[in-house]
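Colleague: Could you have a look at this structure, given as structure tokens, before my questions?
Number of protein chains: 2
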Amino acid sequence: MQEPSTRDLILKEAKACFARDGFDGTSLNDIAAGVGIKRPSLLHYFDSKADIYAQVLGAALADWGLRINESVKSASDSWAMVNSVLEASFDFFKANPDVVRLFRREALGAQSASTKAPGVILQPFFARAVKFLEREMDAGRFRRHDAENLIFTGYGALLSYFSDNELLSDLLGSDPFTEDAMQRRYSHIRDFFLAALEP
Amino acid sequence: MQEPSTRDLILKEAKACFARDGFDGTSLNDIAAGVGIKRPSLLHYFDSKADIYAQVLGAALADWGLRINESVKSASDSWAMVNSVLEASFDFFKANPDVVRLFRREALGAQSASTKAPGVILQPFFARAVKFLEREMDAGRFRRHDAENLIFTGYGALLSYFSDNELLSDLLGSDPFTEDAMQRRYSHIRDFFLAALEP
DNA sequence: GTCTATAACCCGATAGAC
DNA sequence: GTCTATCGGGTTATAGAC
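Line by line, the protein sequences give chains A and B.
Position one of the first sequence corresponds to residue 1 (the working numbering), numbered consecutively onward.
Position one of the second sequence corresponds to residue 1 (the working numbering), numbered consecutively onward.
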């Protein structure tokens with residue numbers, strides 16, 4: 001059992017803070033206090049607050065990309081592909097709700113100015129998904145839809161449940177993050193999209 | 001033609017700033033500069049920055065609520081109801097993208113601490129929609145779904161297109177806010193949800 | 001590697017003149 | 001109703017001791 005390095009502890013605490021309070025809402029004091037060190041020590045490991053943020057966001061995007069590439073490789077046919085990517089994404093978001101909130105804050109407006117836009121990093125994944133869907137629709141295996149808009153709809157439906165959980169909690173009057181609620185959510189999304197794709 | 005009061009000009013500029021930069025990201029200087037007055041003059045009209053924010057958010061929610069109530073009243077049957085509420089929401093979000101971004105920032109985490117949670121205000125609308133859908137499903141006019149999750153999916157699909165427009169722009173390589181792109185988006189959402197509800 | 005101390009800055013809010 | 005001036009507090013970042 002490796003004990004985590006101070007650098008890793010900083011990144012972990014920073015992810016939680018940025019997700020909860022946003023870039024402007026978290027101070028280096030907050031992160032340092034969470035790790036148990038003093039503020040100047042943070043800047044021994046990183047150049048600036050913006051640097052910490054860039055590392056956190058970059059690692060999160062890379063993690064998601066790895067999972068998706070794995071799930072794509074494991075799919076045996078067209079329907080398994082849709083199932084596999086949906087499930088891999090859902091499971092990743094469920095296990096990393098901080099990443100979802102972090103990402104959506106970024107999508108709402110660049111938090112740290114000098115960060116590469118996530119859209120640029122995700123563009124190859126998007127292009128590949130559009131290509132896949134259009135090929136399957138051309139072959140008649142999936143019902144015809146606007147492929148780009150179909151992905152946007154899936155994007156919004158998947159991420160919003162995890163990012164806006166306080167709002168959903170107030171609407172429901174109960175916790176949307178229980179194992180049971182999660183299971184119902186996933187079943188709904190899977191059934192909804194598979195039904196829409198049936199020819 | 002009434003010339004707008006300074007108070008209204010402040011609220012208008014504040015809405016744009018809060019939507020673009022978030023609560024923490026906008027300073028009273030930013031708002032004052034946009035209006036063309038000095039910072040202390042803002043606090044002649046409002047008690048505090050948090051007060052300005054609360055007024056902006058409250059007015060935005062009230063505007064949306066009015067539109068929805070109108071569209072509900074105008075619907076003649078079950079299918080017209082779904083169509084009417086979807087279209088009224090889409091048109092409102094299209095005309096007020098600032099409100100969408102403002103709202104989603106709030107959903108991501110309370111921006112100003114002492115603001116009433118939007119979920120509490122929206123809960124009656126949500127409860128009414130759940131009741132309507134379940135009645136229609138029980139009567140066999142709509143296909144059976146988990147009503148709560150169906151609304152969440154619609155919520156995410158509708159709002160994400162407007163709130164995350166920079167991300168979508170990078171993914172598409174083109175502007176998602178052109179009249180043509182908007183028309184395609186609305187058609188997709190309408191067809192997608194109507195198809196899902198067909199018995 | 002971690003600390004103390006400090007520099008330089010911007011913020012929200014208040015007091016009081018006009 | 002709008003202004004100038006100011007207070008008190010928090011921010012990132014740096015310099016340098018240990």
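Note that the Cβ used here is the ideal one computed from N, Cα and C, for glycine as well.
Beta-carbon separation of tyrosine 161 of chain A and glycine 154 of chain B under 8 Å?
Modeller: Not in contact: tyrosine 161 of chain A and glycine 154 of chain B (Cβ atoms no closer than 8 Å).
Colleague: Could you check the C-alpha separation between leucine 108 of chain A and glutamate 198 of chain B for me, to the nearest Å?
Modeller: Rounded to whole angstroms, leucine 108 of chain A to glutamate 198 of chain B spans 34 Å at the Cα level.
Colleague: Buried or exposed for threonine 26 of chain A, going by 16 or more other Cβ atoms inside 10 Å?
Modeller: Counting Cβ neighbours within 10 Å, threonine 26 of chain A comes out buried, since at least 16 surround it.
Colleague: May I ask you to verify whether the segment 139-151 of chain A touches the segment 177-194 of chain B, counting CB pairs closer than 8 Å and requiring at least 3?
Modeller: Yes, the segment 139-151 of chain A touches the segment 177-194 of chain B.
Colleague: Can you name the residues of chain A whose CB is closer than 8 Å to the CB of valine 56 of chain B?
Modeller: Within 8 Å Cβ-Cβ: nothing; valine 56 of chain B doesn't reach chain A, min ~16 Å.
Colleague: Around the Cβ of valine 56 of chain A, are there at least 16 other Cβ atoms within 10 angstroms (buried) or fewer (exposed)?
Modeller: Buried is the call here.
Colleague: With 8 Å as the threshold, decide whether the Cβ of valine 72 of chain B is near any Cβ in chain A.
Modeller: By this cut-off, valine 72 of chain B is not an interface position.
Colleague: Rank B:Asp51, B:Glu3, B:Asp77, B:Val35 by C-alpha distance to the C-alpha of glutamate 136 of chain B and give the top, closest one.
Modeller: Nearest option by C-alpha distance: B:Asp77.
Colleague: Taking the straight line between their C-alpha atoms, what separation do you get for lysine 131 of chain A and proline 176 of chain B?
Modeller: Cα to Cα, lysine 131 of chain A sits roughly 19 Å from proline 176 of chain B.
Colleague: In the DSSP assignment, find the alpha helix (DSSP H) that holds glutamine 111 of chain A and state where it starts and stops.
Modeller: Note, glutamine 111 of chain A: premise wrong, no alpha helix (DSSP H); not H, not E.
Colleague: May I have the straight-line CA-CA distance separating leucine 168 of chain B from leucine 194 of chain A, to the nearest angstrom?
Modeller: When rounded, the distance between both Cα atoms is 23 Å.
Colleague: Decide yes or no for the touch test of the segment 42-55 of chain B against the segment 14-32 of chain B: beta carbon pairs closer than 8 Å, at least 3 of them.
Modeller: Yes: at least three Cβ pairs fall under 8 Å.
Colleague: One question on the structure: do arginine 101 of chain A and serine 5 of chain A come within less than 8 Å of each other, judged by their Cβ atoms?
Modeller: Contact: no.
Colleague: Taking only beta-carbon atoms, is arginine 20 of chain A less than 8 Å away from chain B?
Modeller: Yes, because at least one Cβ of chain B sits closer than 8 Å to the Cβ of arginine 20 of chain A.
Colleague: What I want to know is whether the C-beta of isoleucine 10 of chain B ends up closer than 7 Å to one or more non-hydrogen atoms of the ligand GDP.
Modeller: Annotation note on the ligand GDP: not contained in the displayed structure, which lists no ligands.
Colleague: Starting from the C-beta of glycine 22 of chain A, find all residues in its chain whose C-beta is less than 7 Å away, skip the five residues before and the five after it, and write them out in chain order.
Modeller: Cβ neighbours of glycine 22 of chain A beyond the five flanking positions: Arg105, Gln111.
Colleague: When burial is assigned at 16 or more other CB atoms within 10 Å of the CB, is valine 82 of chain B buried or exposed?
Modeller: With 16 or more other Cβ atoms within 10 Å, it is buried.
Colleague: Pick out the complete alpha helix (DSSP H) segments inside the segment 101-161 of chain B, 4 residues or longer, and give them in chain order.
Modeller: Those alpha helix (DSSP H) runs which fall completely within the segment 101-161 of chain B and span 4+ residues are 118-138.
Colleague: Does leucine 171 of chain A pass the burial test, meaning 16 or more other C-beta atoms within 10 Å, or should it be called exposed?
Modeller: When all chains shown are included, leucine 171 of chain A counts as buried.
Colleague: Compare the C-beta of valine 120 of chain B with all C-beta atoms of chain A and state if any pair is closer than 8 Å.
Modeller: Yes, valine 120 of chain B lies at the interface with chain A (some Cβ there is under 8 Å from its Cβ).
Colleague: Tell me whether glutamine 2 of chain A sits in a helix, a strand or coil according to DSSP, three-state version.
Modeller: It is coil, neither helix nor strand.
Colleague: Taking a cut of 9 Å between CB atoms, which residues from the segment 147-163 of chain B lie near chain A?
Modeller: Cβ contacts with chain A: Glu148, Asn149, Leu150, Ile151, Phe152, Thr153, Gly154, Tyr155, Gly156, Ala157, Leu158, Leu159, Ser160, Tyr161, Ser163.
Colleague: For leucine 133 of chain A, decide whether its Cβ has a neighbour in chain B, counting only Cβ atoms nearer than 8 Å.
Modeller: Not one chain B Cβ lies under 8 Å of leucine 133 of chain A.
Colleague: Is the Cβ of phenylalanine 92 of chain A closer than 8 Å to any Cβ of chain B?
Modeller: Not closer than 8 Å to any Cβ of chain B, the Cβ of phenylalanine 92 of chain A fails to qualify, so no.
Colleague: Hey, is phenylalanine 177 of chain A's beta-carbon within less than 8 Å of any beta-carbon in chain B?
Modeller: Not an interface residue.
Colleague: Under 8 Å, Cβ to Cβ, is there at least one residue of chain B near arginine 101 of chain A?
Modeller: So, interface residue.
Colleague: Taking the alpha-carbon positions, what's the glycine 140 of chain B to leucine 133 of chain B distance?
Modeller: So the two alpha carbons sit approximately 11 Å from each other.
Colleague: Which word fits proline 118 of chain B, buried or exposed, when buried means at least 16 other C-beta atoms lie within 10 angstroms of its C-beta?
Modeller: Looking at its Cβ environment, which holds 16 or more other Cβ atoms inside 10 Å, proline 118 of chain B is buried.
Colleague: According to DSSP, is alanine 75 of chain A part of a helix, a strand, or is it coil?
Modeller: Here alanine 75 of chain A sits in coil by DSSP.
Colleague: Looking at the unbroken alpha helix (DSSP H) that takes in phenylalanine 177 of chain B, where does it start and where does it end?
Modeller: Careful: phenylalanine 177 of chain B lies outside any alpha helix (DSSP H) and carries neither H nor E.
Colleague: Which of the three DSSP states is assigned to glutamate 70 of chain B in this structure?
Modeller: Residue state, collapsed to three classes: helix.
Colleague: Where do the ends of the alpha helix (DSSP H) carrying proline 40 of chain A lie?
Modeller: Note, proline 40 of chain A: alpha helix (DSSP H), 39-45.
Colleague: Spell out whether any CB of chain A is found under 8 Å from the CB atom of glutamine 183 of chain B.
Modeller: False, the Cβ-Cβ gap to chain A never drops below 8 Å.
Colleague: Figure out for me which residue from B:Ala80, B:Asp98, B:Leu61, B:Asn29 has the closest Cα to the Cα of proline 124 of chain B.
Modeller: Nearest C-alpha to proline 124 of chain B: B:Leu61.
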